[in-house]
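For reference, the structure discussed in these notes is given below.
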Ligand SMILES: Nc1ncnc2c1ncn2[C@@H]1O[C@H](COP(=O)(O)OP(=O)(O)OP(=O)(O)O)[C@@H](O)[C@H]1O
Ligand SMILES: [Mg+2]
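Residue numbers (my numbering), protein chains in the order written: chain A, 270 to 549; chain B, -11 to 375.
Following this line, the structure appears as structure tokens:
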């Protein structure tokens, strides 16, 4: 076989693989959109396009349950989680990434191993703590627990980035009279933009989709539920009917903001922000 | 402006002592250059003065007061880093204004100082640029501007020109000399570059393994090196060293034999040597005479010739030596395989005893106390680099 033919064949194989991967990953989401636009008995057809597209599922989600409130709950919980988690992680990463002290490596490993505990293992203990704090059925209980389980990876990722910032930059700031906090906030934070966007996004998605803690701590009340719990609790017209259309519509509604967020921040996640800092 | 004084300063990283007791006085308005081989502690010493490292023991005073425990920003110093260390997300203006903003100076005062520094450094048209949109030379100027606006008592430079290409380096060197002249500031400068050290310094400090080998004016170090290390380190190409023995000592000097059998009487103080002692004879390549009159001669055979245009270097093998470098004129027709009868003169010869210390020359070289090279007050600054 000639070299050109072989190259062509390899190229075709490559694109076939790409197409397969794209279909594999996008199909579930496509199916959710497809189903959410089917009303009534259309739901039970396997058509790849809804025979008669209708918005009824989307309307019913907001009319039959306090779904708008659930969305607000999720936005509040996820947003505050991200803010607290990033603030703590940035300050911790500064210490872990830039200050030499003994036991630093051990500390980092401990942080990492904490994140390996399965959620279920800490659930009952955390429940007791929340009850003791009087936070059961309050969204703050979720914020506290989400901060706990997003911190390990935010700290790790930011520590890695923090380490790579040139040492001279920090020293220049010190000579200029900056306090550690001023160095972090006015020199490092702007340079850590891409890292903050990445970790913030991951933390947001984790909090947005979390189910187990949400079910346990705030699951008893329609009005305090976050989105995943609310969707799981959707009820149909009768006890024996699963409201597929509504569930799919709700899933689409809550996934779209995530996609929008990723697209917005993708622009920020560009390399080379430190270009020009050192050397030439 | 200000003086800097180090008294028995040491610095250890863990168990390892890097700076082993340095005493040094830097006068007001002086330009002091630290030189020494890589890893000898030049940067560390500079960072101790800056306050970026803590002093392990000893005292450091700036302007008469001990500053061991003061943070860098309160020592009245400004530092220019080898890598520039500009804040990449800030414009040139913001880079220079950052320290002043932190010090809560008024907006007008900041504006005035930044514009003045930009004028001195010819950066006025670049104030809105980001560091990544500038050339290496321009970035280095911004880094210097950031130091100027702080109006420091002492400027500290750590190899500021080593990232620039050769032509730009010459230009920035003159610019720094001019800056020193215009600002009347005390400056401490670390470099690897012989030419930078010789041309910029009022005083050179030769460091070696964490101790000061010698302090003096550039020509003092050149003509009166205190030991083998300094003699070999200052000057390029390196001084030639020939192991030999003392044959006679009197008031007029010490006589030694040269390869080939001739004897030369070097005018040094020979109080502490006796005939028969092992010594090292040193003479610089530029003081060797390819042909012609001299006090004594060394015979050898040329095995490599390097022609640089203006100068020619001939590498010569002589009996009992590894290699002797001879610097001669660019017009020399010396060729590989030639037998040379190289002349050396007593006045430019050096002798070192077994432990490396130089025997003091009887007469002080008149150039050792010569005025430093300099410039007219209205000397034109180098042209702003095209961009
Ligand atoms: N923070 C540190 N921890 C441990 N050792 C260090 C530290 N900083 C410097 N050293 C050591 O101190 C010695 C001197 O370093 P320094 O940077 O002062 O050398 P230098 O003379 O500036 O060398 P160069 O010419 O290569 O820049 C080196 O052996 C280096 O390994
Ligand atoms: Mg160095």
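Glycine is no exception: its CB is placed at the ideal position from the N, C-alpha and C atoms.
With distances taken between CA atoms, residue 247 of chain B lies nearest to B/305 out of B/210, B/27, B/305 and B/206.
In this structure, ligand 2 has a non-hydrogen atom nearer than 6 Å to the beta-carbon of residue 31 of chain B. Taken through DSSP and simplified to helix, strand or coil, residue 342 of chain A comes out as helix. The region 266 to 279 of chain B and the region 225 to 243 of chain B touch, with three or more beta-carbon pairs separated by less than 8 Å. Between the C-alpha atoms of residue 500 of chain A and residue 408 of chain A there is a straight-line separation of about 17 Å. For residue 492 of chain A, the closest of A/448, A/342, A/382 and A/376 by C-alpha to C-alpha distance is A/342. Taking residue 205 of chain B as reference, the option from B/199, B/213 and B/198 with the minimal CA-CA separation is B/213.
In the same chain as residue 9 of chain B, and ignoring 5 residues on each side of it, the C-beta atoms closer than 6 Å to its own belong to -4 and -2, in chain order. Counted as a single uninterrupted DSSP element, the alpha helix (DSSP H) harbouring residue 274 of chain A occupies residues 272 to 305. About 18 Å separates the Cβ atoms of residue 68 of chain B and residue 193 of chain B, ruling out a contact at the 8 Å cut-off. Residues of the region 77 to 92 of chain B that bring their beta carbon within less than 8 Å of a beta carbon in chain A comprise 77, 86, 87, 90 and 91, in sequence order. Collapsing the DSSP output to three states places residue 405 of chain A in coil. Residue 115 of chain B: not part of any alpha helix (DSSP H); DSSP gives it neither H nor E.
Interface with chain A (7 Å Cβ-Cβ cutoff): residue 60 of chain B is included.
For ligand 1, a non-hydrogen atom lies closer than 6 Å to the CB of residue 6 of chain B. In the three-state reduction of the DSSP assignment, residue 145 of chain B falls in the strand class, which pools E and B. Look at the region 443 to 465 of chain A: the residues with a C-beta under 8 Å from a C-beta of chain B are 443, 444, 445, 446, 447, 451, 455, 456, 459 and 460. Here residue 528 of chain A is exposed, its C-beta having fewer than 16 other C-beta atoms within 10 Å. For residue -4 of chain B, the enclosing beta strand (DSSP E) stretches over residues -8 to 1. Against chain B, the beta carbon of residue 440 of chain A has neighbours under 9 Å at 35, 38, 40, 60, 67, 69 and 73, listed in chain order. Close CB contacts of residue 240 of chain B within its chain, under the 7 Å cut and outside five residues either way in sequence, are with 253 and 255 (chain order). Taking a contact as a CB-CB distance under 8 Å, the pair residue 426 of chain A and residue 468 of chain A counts as one, their CB atoms being some 5 Å apart.
With fewer than 16 other Cβ atoms from the protein chains shown falling within 10 Å of its own Cβ, residue 359 of chain B counts as exposed. Sequence-distant partners of residue 168 of chain B (beyond 5 residues in either direction) whose C-beta falls short of 6 Å from its own C-beta, in its chain, are 19 and 175. Rounded to whole angstroms, the gap between the alpha carbons of residue 85 of chain B and residue 66 of chain B is 14 Å. Ranked by how close their Cα comes to the Cα of residue 414 of chain A, the residues A/498, A/291 and A/347 have A/347 in first place.
CA-CA distance, residue 298 of chain B to residue 335 of chain B, rounds to 25 Å. Residue 291 of chain B carries a strand assignment under DSSP once its states are collapsed to helix, strand and coil. Across the structure, residue 166 of chain B and residue 370 of chain A are spaced so that their CA atoms are roughly 43 Å apart. Taken in chain order, the complete alpha helix (DSSP H) segments of 4 or more residues contained in the region 351 to 395 of chain A are 373 to 383. Across the structure, residue 478 of chain A and residue 410 of chain A are spaced so that their CA atoms are roughly 16 Å apart.
In summary, residue 535 of chain A is exposed, with fewer than 16 beta-carbon neighbours lying within 10 Å of its beta-carbon over all protein chains present. Per DSSP, residue 139 of chain B lies in no beta strand (DSSP E) and is assigned neither H nor E. A straight line joining the alpha-carbon of residue 60 of chain B with that of residue 110 of chain B spans about 28 Å. Taking residue 306 of chain A as the centre and dropping the five residues before and after it, the same chain places the C-beta of 319, 322 and 323 closer than 7 Å to its C-beta, in chain order.
Spatial neighbours of residue 419 of chain A in its own chain (CB-CB distance under 6 Å, excluding positions within 5 residues in sequence) are listed in chain order as 354, 472 and 475.
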